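Straight run, no breaks: the sequence shown in my numbering ends on number 975.
Since the structure comes first, as structure tokens, the remarks are kept for the end.
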Amino acid sequence: MSKPRHIAILTGAGISAESGLGTFRDVGGIWSRYDWRDLATPEGFARDPAFVLDFYNWRRETVRASEPNEAHRALALLQGEWHGPVTLVTQNVDDLHERAGSPDVIHMHGTHLTALCAACNQRWPAPEVMRPADPCPACDAPRTRPDVVWFGETPYHLDRIGAALASCDLFVSIGTSGTVYPAAGFASTARAAGARTLELNLEPSGNAGLFDEAHHGKASRIVPDWVARLLAER
Ligand code: APR
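Below, the structure is given as structure tokens:
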């Protein structure tokens with residue numbers, strides 16, 4: 742196998758687990774404690790905006806209090822040192838990749854850092870606490886919501902991601918259960934376009950059959966190990 746040039750990486754909640762942010766579907770995960778229909782759908786937000794905003798206010802505070810771990814730092818190192826493009830796509834709404842030093846991160850499920858007006862789509866820096874009556878700075882509508890992609894909504898930057906999946910030589914999936922589409926389909930898209938596929942996860946994911954190679958363990962160990970091997974072999 743020839744050495745990869747363009748590497749496309751998809752990360753999920755598992756890469757931030759050791760930073761204290763918790764995952765969604767593991768035992769004790771967020772969706773075992775809360776109903777995603779109430780907290781992560783436009784319908785849930787319409788039913789009870791105060792409850793939804795309180796949840797995201799708490800999540801945003803947790804993110805602010807957390808720090809990147811060795812896995813985030815290893816990917817930033819790879820982006821800085823690799824001789825070809827490294828496209829980093831994350832499903833996470835935290836900013837731990839950026840705080841670890843990653844220069845370009847594609848947030849396909851949005852980000853905690855901005856607020857979004859549900860009336861006119863204006864974005865602005867997220868306040869510490871969002872309340873249902875907060876007016877949009879552009880249109881004044883009291884329709885402030887988190888800038889995160891909920892179930893039933895279309896993820897962001899799909900054109901850019903599609904282009905990367907079509908042209909990468911190696912696709913790497915890190916810390917994601919492979920159950921939420923379209924992200925869960927990226928490995929097969931990249932593979933169909935000729936890329937090698939690698940999974941780095943605590944355990945085999947729901948998509949394990951789509952990977953040419955897999956390493957299982959905690960992200961803070963297996964991601965830096967993989968990056969070190971890759972940089973040494975180039
Ligand atoms: N290191 C590596 N992997 C880990 C670790 C760890 N320390 N801890 C957990 N994992 C793995 C789990 O085994 C699991 O496969 O991370 C994965 C986390 O899966 P999910 O909780 O389903 O998170 P994710 O795949 O990111 O969810 C996708 O679902 O609710 C939505 O929008 C939300 O972006 C999220 C999307």
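No residue lacks a Cβ here, since even glycine has one placed at the ideal position from N, Cα and C.
Only a predicted model underlies this, so the values are computations on that prediction, with no experimental measurement involved.
Check	Outcome
Proximity winner among A949, A931 and E954, relative to L939 (alpha-carbon distances)	E954
Enclosing alpha helix (DSSP H) for S929 [first to last residue]	F927 to A933
Per-residue burial, H813 [other beta carbons within 10 Å of its own, 16 or more giving buried]	buried
Option in L972, D910, D776 and A859 with minimal Cα separation from P876	A859
Anticipated Cβ contact below 8 Å, L1001 with S914, distance rounded	No answer is possible for residue 1001: it lies beyond the span of the chain, which begins at 742 and ends at 975.
Pairwise C-alpha distance: A874 and A882	9 Å
Y922, buried or exposed, once every other Cβ within 10 Å from all chains shown has been counted against 16	exposed
Local conformation of D888 per DSSP, three classes	strand
Short Cβ contact (8 Å threshold) for V834 with H824	no
For V827, the residue or residues it bridges with in DSSP	I748
In DSSP terms, what F912 is bridged to	A749 and T938
Cβ shell of T855 (< 8 Å), same chain only, five flanking positions each side left out	R864, W865, P866, A867 and D888
Closest Cα partner of K744 within the set F912, A949 and I963	F912
Buried versus exposed call for R801 [16 or more other C-beta atoms within 10 Å across all chains shown]	buried
Straight-line gap, K959 to P878 (C-alpha atoms, nearest Å)	42 Å
Sequence-distant residues of the same chain with beta carbon closer than 7 Å to S929, five excluded per side	L951
Closest Cα partner of A924 within the set W967, Y797 and A754	A754
Near the ligand APR: F765 beta-carbon under 7 Å from a heavy atom	yes
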